[in-house]
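S.K.: Under full-length UniProt numbering, the first residue of the sequence shown carries the number 1, and numbering increases by one thereafter.
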Amino acid sequence: MTEVWSIDYLHILLRLSLAVLLGGVIGFEREQHNHPAGFRTHILVSLGSTLIMLISIYGFEPFLHEENVRFDPSRIAAQVVAGIGFLGAGTILRHGFTVTGLTTAASLWVVAAIGLGIGAGFYFGAVVTTFFVLVSLAVLAKFDQFIIRKRHLTQIRVCVVDQPGKLGEIAMKLGERKINVKSVSIHDEEKDENEVSYVTIDLTLRMQKPNSLPFVVDDIKQIKGVKEVQYGNSLES
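(1) Any contact of the region 191-204 with the region 157-167, i.e. 3+ C-beta pairs under 8 Å?
(2) Thinking C-alpha only, which one of A77, F122, F124 is nearest W109?
(3) Going by beta-carbon coordinates alone, are A19 and I84 separated by less than 7 Å?
(4) Indicate the three-state DSSP secondary structure (helix, strand or coil) for I179 in the structure shown.
(5) Which of helix, strand or coil does DSSP assign to S212?
(6) Going by DSSP, what residue range makes up the beta strand (DSSP E) through Q155?
(7) From which residue to which residue does the beta strand (DSSP E) around E228 run?
(8) In this structure, how does DSSP classify D8 when only helix, strand and coil are distinguished?
(9) Counting along the chain, where does the alpha helix (DSSP H) carrying V45 start and finish?
(10) State the CB to CB distance for the pair L22 and T130, rounded to an integer number of angstroms; the pair is presumed to be in contact (CB under 8 Å).
(11) Report the option in R15, D218, L54, P214 whose CA atom is closest to the CA atom of V80.
(12) In whole angstroms, give me the CA-to-CA distance for V181 and L174.
(13) Using 7 Å as the threshold, is the C-beta distance between I26 and V111 below it?
(14) Am I right that R15 and T50 are in contact with their C-beta atoms under 8 Å? What's the rounded C-beta distance?
(15) What does a CB cutoff of less than 7 Å around G225 pick up in its chain, not counting 5 residues either side in sequence?
What follows is the structure, given as structure tokens:
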């Protein structure tokens, strides 16, 4: 146990290393699913918040004996909780009008809290929180996909040439079959061997007749510039 207002180098190294480990575990899960804030971002947030908490608790020891000095180790930590919102907002804006960025923003916010907990020496709480975060991101995500199928929502992925108006053409084809688009996410792809740029468009659709999906896919394939359309098992692979 460390004494109040004192900490040795070993405990500093332990807490910073644990911050890298726990933040990296959560970041790795985000990286696997190609989210904008991945492995390195989560490590940096966890590591930075841990160091800030260490500074808050132990960094001002020399000034404690000064007159008229009031010490509150939670003040700097509170700024981390508020400031992490800017980083989280950036991940949401990166995804446009989809809600996928909200989960990544929330994971960054939780990782900051984990880092603060480690910095304060609250190891058990930090480890348990990391476990529940991984359960939420990995296990509950599959449950969410099951709920989507139960609601007759269908996800398709369209790889199309990067040209203005292509998303509108896809939406027009869907509108002709009275299919509602619940969410859209657009991701950049690299150029092919002919230096043609492509984008990947992920769409979540609410269909009145799920059996008509193959016909919808055929309609989209007729659009000029569409390279590939995936759905069902091919989308999960």
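All C-beta atoms in this analysis are idealised placements derived from N, C-alpha and C, irrespective of residue type, glycine included. Please read all numbers here as calculations on a predicted model, not as lab measurements.
M.R.: In short:
(1) Taking 8 Å as the limit for Cβ pairs, the verdict is that the region 157-167 does touch the region 191-204.
(2) Here residue 109 is taken as the residue at index 109 of the sequence shown, counted from 1. Nearest of A77, F122, F124 to W109, Cα basis: A77.
(3) Numbered from its first residue, the sequence shown carries residue 19 at position 19. Numbered from its first residue, the sequence shown carries residue 84 at position 84. No, the pair does not count as a contact, with Cβ atoms beyond the cut-off.
(4) Taking the sequence shown and counting its residues from 1, the one referred to as residue 179 is at position 179. Coil.
(5) Numbered from its first residue, the sequence shown carries residue 212 at position 212. In the structure shown, the three-state DSSP call for S212 is helix.
(6) Counted from its first residue, the sequence shown places residue 155 at position 155. That run of the beta strand (DSSP E) goes 153-161.
(7) Along the sequence shown, read from residue 1 onward, the residue named residue 228 stands at position 228. E228 -> beta strand (DSSP E) spans 226-231.
(8) Taking the first residue of the sequence shown as 1, we reach residue 8 at position 8. Three-state DSSP puts D8 in coil, outside helix and strand.
(9) Along the sequence shown, one-based indexing puts residue 45 at 45. Element bounds for V45: 39-58.
(10) The residue given as residue 22 occupies position 22 in the sequence shown. The residue given as residue 130 occupies position 130 in the sequence shown. Indeed they touch by this definition, with Cβ atoms about 5 Å apart.
(11) Walking along the sequence shown from the start, residue 80 turns up at place 80. Of the candidates R15, D218, L54, P214, the one whose C-alpha sits nearest the C-alpha of V80 is L54.
(12) As a working note, residue 181 is residue 181 in the sequence shown. As a working note, residue 174 is residue 174 in the sequence shown. Going from the Cα of V181 to the Cα of L174 covers about 8 Å.
(13) Translated into positions along the sequence shown, residue 26 becomes position 26. Translated into positions along the sequence shown, residue 111 becomes position 111. Here I26 is near V111, since their CB atoms are less than 7 Å apart.
(14) Sequence index remark: in the sequence shown, residue 15 carries index 15 (1-based). Sequence index remark: in the sequence shown, residue 50 carries index 50 (1-based). R15 to T50, Cβ: 6 Å. Contact.
(15) The residue given as residue 225 occupies position 225 in the sequence shown. The beta carbon of G225 sits closer than 7 Å to those of V160, V161, Q163, K166, all from its chain and outside the five residues before and after it, given in chain order.
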